[in-house]
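For the sequence shown, the working numbering assigns the number 17 to the initial residue and increments by one for each residue that follows. Working notes, structure below.
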Amino acid sequence: MRGDFHLKERYKKTCNLILDGWRFSLVLDYNDMGPRSLLVDSLDDVADNLLIDSENLKVPVIYDPNIPQASSIPRRWDALFREWYMLLDDELEVLLFTLDNDGYDALVGLGPGSTPAGDDFLTGMHIALRWMGHNFENVISFRNLESRTTWFSSCMLYDAACGLTWYRSRKLLEALSRGADGEVEDALNELMSTGHTSGRAWISGFFHAVSICNSFS
């Protein structure tokens, strides 16, 4: 069986391909690894269409995108988690207003960014709930998701629903579980620098979910 990968998006350090509606990525930096990603030395020869023998393709697994289960979360971080809404200032205030008035589903496709900030918030929230072993099936509706937001965001949200995440966010999960303050700070700084608003929106959604779960534990 041969898969016809179409080039969907090309950036300086990443190329996003599409096959059967799913995103596959070629990345130059390990920090950009995620679900269905391959680390490569160069993007110079990526063509608009790539014919790949997907049945016999053997790619070494160097990154596990599965969301780990939280072993424990030090309570000293509770105050930080409860301040999630403070990250939604300036151009992200629309997320807080919409969340307060219309609920989670209204955040799909909302806000600035190539991945709309509302999707980043929901992804962070879903990953936190998965990480803490909670059910999130009713947080948003996945019906007609592709028509409600961007292609990349719909793939990102589906991945979270499948229990998959990206390297930078996985680093935060592992640092929090270990209770390593310096590692947590480093991971948060890396996420905050992701995109113009993506990292900030993701962290706010993650903190929001953890604060809710902690209040019932």
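Quick reminder that beta carbons are idealized off the backbone N, C-alpha and C, glycines included.
Between residue i and the rest of its own chain, which residues show a CB-CB distance below 8 Å, the 5 nearest in sequence each way excluded?
i, result
"ASN47", "TYR183, ARG184 and GLU206"
In three-state DSSP terms, what is residue i?
i, result
"LYS38", "Rather than Lys, the amino acid found at residue 38 in this sequence is Trp. Strand at TRP38."
"VAL43", "strand"
"HIS212", "coil"
"THR114", "helix"
"MET17", "In this prediction, MET17 has a pLDDT of 36, which is less than 50 and means its spatial position is unreliable; nothing more can be read from the coordinates."
"ARG186", "helix"
"ASN32", "strand"
"GLU99", "coil"
"HIS22", "strand"
Write down the C-beta distance between residue i and residue j rounded to the nearest angstrom, noting that I regard them as a contact closer than 8 Å.
i, j, result
"ALA133", "SER214", "7 Å"
"LEU126", "THR139", "LEU126 to THR139, Cβ: 13 Å. No contact."
"ALA217", "ALA203", "The Cβ separation is near 16 Å, so there is no contact."
"ILE143", "ASP121", "Actually they are not in contact, since the Cβ atoms of ILE143 and ASP121 sit about 18 Å apart, beyond 8 Å."
"VAL56", "LEU23", "That pair is no contact at about 14 Å."
Give every residue of the same chain whose Cβ lies closer than 6 Å to the Cβ of residue i, excluding the five residues on either side of it in the sequence, and list them in chain order.
i, result
"PHE40", "LEU33 and ARG52"
How about residue i and residue j: do their beta carbons lie closer than 9 Å?
i, j, result
"ASP135", "LEU173", "yes"
Leaving out the 5 sequence neighbours to the left and right, which residues in its chain are closer than 7 Å to residue i when beta-carbon positions are compared?
i, result
"TRP100", "SER220, PHE223, HIS224 and SER227"
Do three or more CB pairs link the segment 91–107 to the segment 157–171 at distances below 8 Å? Because the criterion of three Cβ pairs below 8 Å is not met, the segment 91–107 and the segment 157–171 do not touch.
contact_flag[the segment 81–93, the segment 184–198] where n(CB pairs < 8 Å) is 3 or more: They touch, by the three-pair rule.
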